Structure formats: structure tokens, C-alpha cells
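The block underneath contains the structure these notes are about, expressed in C-alpha cells.
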Amino acid sequence: MVMFMITIDTAKKEDIEDMINLLKQLFEIEKDFIPNYEKQRKGLELLLDREDAVIFVARYNGRVIGMCSIQMLISTAEGGKVGLLEDLIVNEKFRGRGIGTKLLLEAERYCKENGFLRLSLLADKDNIKALEFYKLRGWKFTNLICLRKFFGGDRVE
238 MVMFMITIDT AKKEDIEDMI NLLKQLFEIE KDFIPNYEKQ RKGLELLLDR
288 EDAVIFVARY NGRVIGMCSI QMLISTAEGG KVGLLEDLIV NEKFRGRGIG
338 TKLLLEAERY CKENGFLRLS LLADKDNIKA LEFYKLRGWK FTNLICLRKF
388 FGGDRVE
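In the working numbering, the protein residues as written are 238 to 394.
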């Protein structure tokens, strides 16, 4: 019997290529995003350089097969630090093995240990599997919707 050993730790600069490949898989199923190698590289580099953000990765045999990121925000509604969870994705070849749950639990642990009062995320309304995943893990739907407006770059609306 082959042991399937997954480790969760924080991302490093040398993980960027693997994370870009994961983001490509994610953005191919999300209608609001377009995979763009250079933009994803720049975004990951910026996140890795921030002290108020963290990227967790799941590794199998040293290779990154899953990821999620957390950025700290201040909420006037909560009166303190809250987190924004983004980019929770597991390589399609490794899904259904509890890796996404491990990443989510690590994100929740990090937020609790760092005094965050809430963790929120945005999910594609048509991604039924993802919505069910979060619901089964105790996440609640809200009445909020996401609005956005672009400034500069190649996505000005």
C-alpha cells in the first residue's frame, strides 16, 4: 500500500511556477477571471512580500498541488482584523482526497491564532461543488454581493 503524504506549509518564491499553474486551473472555471501568466506571477510576488498576507500550499513529494491565500483587512463592522480567503484550489488530479479541507483548516487556524475576528471569501455562484464544499464545512452564505470596477491596465470597464 502506497502512503499518500500531504504536507501544508507557507509558500516560498520557488513555489510561484506551481502556484501559477494552479491559478490557471482556477481561473479557467471562474467566469470573472482570465488566466494571465505575468499578472498571476506579479500578484503572487506581491502577496509573498506582504507581512499581512500568507499563502498556504499543500505539497505531495515536495511539489505544490494545492494553495490558498489570506489577506488581512480591517472591518468596521467587527471592530478589528478580518481575513479575506482567496484562491483555494487543489490540482484537479488530487481532488477528493481531503486536501482542500486541510488547506481551509490551516487558513482558519492561522486566522484564529492571529486574532482575526472573521474570515470571508468570494465564490463563483455557478461553482456548485465549491459552494457545497464550504457549506459542508460550516461556512454561511450572506446577503452581500460582489461589485467591482477596474482602473487602468487592460481590463478597464
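All C-beta atoms in this analysis are idealised placements derived from N, C-alpha and C, irrespective of residue type, glycine included.
No experiment lies behind these values; they were computed from the predicted model shown.
- Please classify residue 255: does DSSP put it in a helix, a strand, or coil? Position 18 of the sequence shown holds residue 255. Reduced to three states, the DSSP call for residue 255 is helix.
- Which whole-angstrom value is the C-beta distance of residue 303 and residue 266, which I expect to be below 8 Å? Within the sequence shown, numbered from 1, the residue matching residue 303 stands at position 66. Within the sequence shown, numbered from 1, the residue matching residue 266 stands at position 29. Actually they do not touch by this definition, with Cβ atoms about 15 Å apart.
- residue 336: buried (16+ other C-beta within 10 angstroms of its C-beta) or exposed? Position 99 of the sequence shown, counted from the first residue, corresponds to residue 336. Flag for residue 336 reads buried.
- Every unbroken beta strand (DSSP E) inside the segment 262-289 [3 residues or more]: none
- Return the Cβ separation of residue 315 and residue 354 in integer angstroms, given the expectation that the two are a contact with Cβ distance under 8 Å. If you number the sequence shown from 1, residue 315 lands on position 78. If you number the sequence shown from 1, residue 354 lands on position 117. Going by Cβ atoms, the distance from residue 315 to residue 354 rounds to 4 Å, so yes, they are a contact pair.
- Status (buried if at least 16 other CB within 10 Å, exposed otherwise) for residue 252: The residue given as residue 252 occupies position 15 in the sequence shown. Result: buried.
- Item | Per-residue burial, residue 383 [other beta carbons within 10 Å of its own, 16 or more giving buried] | Within the sequence shown, residue 383 is the residue found at index 146, counting from 1. Exposed, because fewer than 16 other Cβ atoms sit within 10 Å of the Cβ of residue 383.
- Task: Identify the continuous alpha helix (DSSP H) that holds residue 333 and give its terminal residues.
- Result: Counted from its first residue, the sequence shown places residue 333 at position 96. Run containing residue 333: none; DSSP gives neither H nor E here.
- residue 291 beta carbon less than 9 Å from that of residue 255: What you label residue 255 is simply residue 18 of the sequence shown in a count that begins at 1. What you label residue 291 is simply residue 54 of the sequence shown in a count that begins at 1. Contact flag unset, no.
- Query: With a CB to CB cut of under 8 Å and the five nearest residues on each side skipped, what residues in its chain are close to residue 278?
  - Reply: Residue numbering aside, residue 278 sits at position 41 when the sequence shown is read from its first letter. The answer, listed in chain order, is 253, 257.
- Any idea if residue 341 is buried or exposed, counting beta-carbon neighbours within 10 angstroms, 16 or more meaning buried? Position 104 of the sequence shown holds residue 341. With 16 or more other Cβ atoms within 10 Å, it is buried.
- Please name the residue in 369, 386, 244, 380 whose C-alpha comes closest to that of residue 299. Walking along the sequence shown from the start, residue 299 turns up at place 62. If we check each option's Cα against that of residue 299, 244 comes out closest.
- Query: From this set, 389, 359, 295, 260, which residue's C-alpha is nearest residue 275's C-alpha?
  - Reply: Within the sequence shown, the letter at position 38 stands for residue 275. The candidate whose alpha carbon is nearest that of residue 275 is 260.
- Item | Exposed unless 16 or more other CB atoms sit within 10 angstroms - verdict on residue 310 | Start at 1 with the first residue of the sequence shown, and residue 310 comes out as number 73. Flag for residue 310 reads exposed.
- Entirely within the segment 320-358 and at least 3 residues each: give me those beta strand (DSSP E) ranges in chain order. 356-358
- According to DSSP, which residues form a beta bridge with residue 309? Reading the sequence shown from its first residue, position 72 is the one you call residue 309. Beta-bridge pairing links residue 309 to 320.
- Query: How many angstroms separate the CA atom of residue 361 from the CA atom of residue 333?
  - Reply: Taking the first residue of the sequence shown as 1, we reach residue 361 at position 124. Taking the first residue of the sequence shown as 1, we reach residue 333 at position 96. Spanning the two alpha carbons is a distance of roughly 19 Å.
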